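Everything on this sheet refers to the single structure shown next.
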Amino acid sequence: MDTLRLRFPDSNQADVAVGPGLHGIGRNADGALAPVSDGARMLAQLCIDRRGTWLKLGENVRTVHVNGRPVKHMAMLRIGDAIYIDGRELLLLGAQREPDTLPAPGGEGGDARVLLRGVGGQYHGRGFTLDRPRLVGRGLECDIRIDDPAFPERHARIDVQQGLVVMRGMADAEPSQVNGEAARDAVLRTGDQIVFDAHHRFVVESPGRPNVLHDAMAPALPDDIDLEHSDAPIRAPNIRRNATRRLPWLLFAALLLAAALSAILLFGSPG
Numbered sequence: 014m015d016t017l018r019l020r021f022p023d024s025n026q027a028d029v030a031v032g033p034g035l036h037g038i039g040r041n042a043d044g045a046l047a048p049v050s051d052g053a054r055m056l057a058q059l060c061i062d063r064r065g066t067w068l069k070l071g072e073n074v075r076t077v078h079v080n081g082r083p084v085k086h087m088a089m090l091r092i093g094d095a096i097y098i099d100g101r102e103l104l105l106l107g108a109q110r111e112p113d114t115l116p117a118p119g120g121e122g123g124d125a126r127v128l129l130r131g132v133g134g135q136y137h138g139r140g141f142t143l144d145r146p147r148l149v150g151r152g153l154e155c156d157i158r159i160d161d162p163a164f165p166e167r168h169a170r171i172d173v174q175q176g177l178v179v180m181r182g183m184a185d186a187e188p189s190q191v192n193g194e195a196a197r198d199a200v201l202r203t204g205d206q207i208v209f210d211a212h213h214r215f216v217v218e219s220p221g222r223p224n225v226l227h228d229a230m231a232p233a234l235p236d237d238i239d240l241e242h243s244d245a246p247i248r249a250p251n252i253r254r255n256a257t258r259r260l261p262w263l264l265f266a267a268l269l270l271a272a273a274l275s276a277i278l279l280f281g282s283p284g
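Heads up: the sequence shown begins at 14 in this note's numbering, then just goes up one per residue.
Here it is as structure tokens:
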């Protein structure tokens, strides 16, 4: 499995590698966010298991945002997310990747099964299929237009070449963010998160497309990881198990209600 990393931009500490399990986040002596094991200092907790990565807030934490959106109790995270706890930043990164070898320009072009789905910024909820090349920039001819006077007219081009999803930065354009890391040119994979101009976020999706390189959203974890029986003060959710336990009771209640209605119809209402 790919090891995840935590980056604390407000401090000088190196990236912290994290694997399956529970990881506390609190403040160090300087007030910056840092990994902690003391429950009294814990502001939030990362829960990593085979279902993905979850952020669970402590009882007294109120001001938390993930990619600019407020979080009240819990949020599922993806690689490249920016987390703000009381105004301090934390980045969730994936394993460091080898530099990409981009294919030569040209070759196979377009694949309607691949799309960029907006998950933040003005294009939140909107999708752009890569059936043709997509241009990112401020110019009127751009497919993904970033209306910011400081943003380049032509920032990057994203298309499918030789079966690979390729992003190429335009001349003199600043790097974009791919899974939280600066990158001008990159081979994009299913689940990769790309950020333009700090807050316009997109995720690469490829429903129905075979032979994807990997899914950065949910790396496979060993089967022996079990957060549900951990003694940690904040636990990962168990949505599927709880729903399964409630189902027999719901069916039983429905049967009782049906029996009561049948009795009323057969014998009439009392009184």
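Note that beta-carbon positions come from the ideal geometry of N, C-alpha and C, so glycine has one too.
From a predicted model like this one, the values you see are computed outputs, not experimental measurements.
| Check | Outcome |
| --- | --- |
| Nearest neighbour of E187, chosen from I38, A199, F164 [CA to CA] | F164 |
| Minimum C-alpha distance to V77 - residue among T66, I61, I96 | I96 |
| Assumed close pair D94, V79 - CB separation to whole angstroms, cut-off 8 Å | 6 Å |
| For L143 and G123, believed in contact at Cβ under 8 Å, the rounded distance | 7 Å |
| Residue range of the beta strand (DSSP E) that includes G32 | Counting along the chain, G32 falls outside any beta strand (DSSP E), and DSSP gives it neither H nor E. |
| Contacting residues, own chain, Cβ-Cβ under 8 Å from G152 (five flanking each side not counted) | R158, E166, R167 |
| Beta-carbon proximity list for P116, same chain, < 8 Å, skipping 5 on both sides | Q174, Q175, L177, V179 |
| Per-residue DSSP class, three states only, for L115 | coil |
| C-beta contact flag for V49 and G34 at 9 Å | no |
| Within-9 Å CB hit, L59 to chain D | Among the chains in the structure shown there is no chain D, since it carries only a single protein chain. |
| Buried or exposed (CB count within 10 angstroms, at least 16 for buried), I277 | exposed |
| Alpha carbon of L103 to alpha carbon of L269, nearest angstrom | 51 Å |
| Runs of alpha helix (DSSP H) lying entirely within the stretch 54–131, each at least 4 residues, in chain order | none |
| Nearest-angstrom Cα separation, counted from Q135 out to A169 | 18 Å |
| Buried versus exposed, by CB contacts within 10 Å (16 or more), A27 | exposed |
| Length of the line joining the Cα atoms of V216 and H137 | 10 Å |
| Where the beta strand (DSSP E) containing S50 begins and where it ends | No beta strand (DSSP E) holds S50; DSSP gives it neither H nor E. |
| Start and end residues, beta strand (DSSP E) containing G140 | 140–143 |
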